[in-house]
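A.B. asks: According to my numbering, the sequence shown is numbered sequentially starting from 2.
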Amino acid sequence: MKYLRKIGKYIIYIEYLTYSICLINIIFIIFFNEYMPSFFRNPIFLLTILILLIAIPLLKRRLK
């Protein structure tokens, strides 16, 4: 049971990191579109972020 709390703590950090990357991506799209890094334009990167945004809350719900 102690390990599940540790995993939950790390999932929260991963969730915050994912939200931060998403916010940075939105800011780049709105204001600095021509200066956007190439990995932000990569569709696989955006798909991975989208999957994380869907999967992390589901994992958190399972751990509770």
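Every residue, glycine too, gets a C-beta built ideally from N, C-alpha and C.
With DSSP as the reference, label P38 as helix, strand or coil.
C.D. replies: coil
A.B. asks: If I'm right that L53 touches I8 with Cβ under 8 Å, what's the distance once you round it to whole angstroms?
C.D. replies: Your pair L53 and I8 does not check out as a contact, with CB atoms roughly 15 Å apart and the cut at 8 Å.
A.B. asks: Taking the straight line between their C-alpha atoms, what separation do you get for Y36 and L51?
C.D. replies: 22 Å
A.B. asks: Check for me: the alpha helix (DSSP H) holding F46 runs from which residue to which?
C.D. replies: Membership of F46 in the alpha helix (DSSP H) is indicated by the continuous run P44 to L64.
A.B. asks: In angstroms, rounded to a whole number, what distance separates the CA positions of I45 and I25?
C.D. replies: 17 Å
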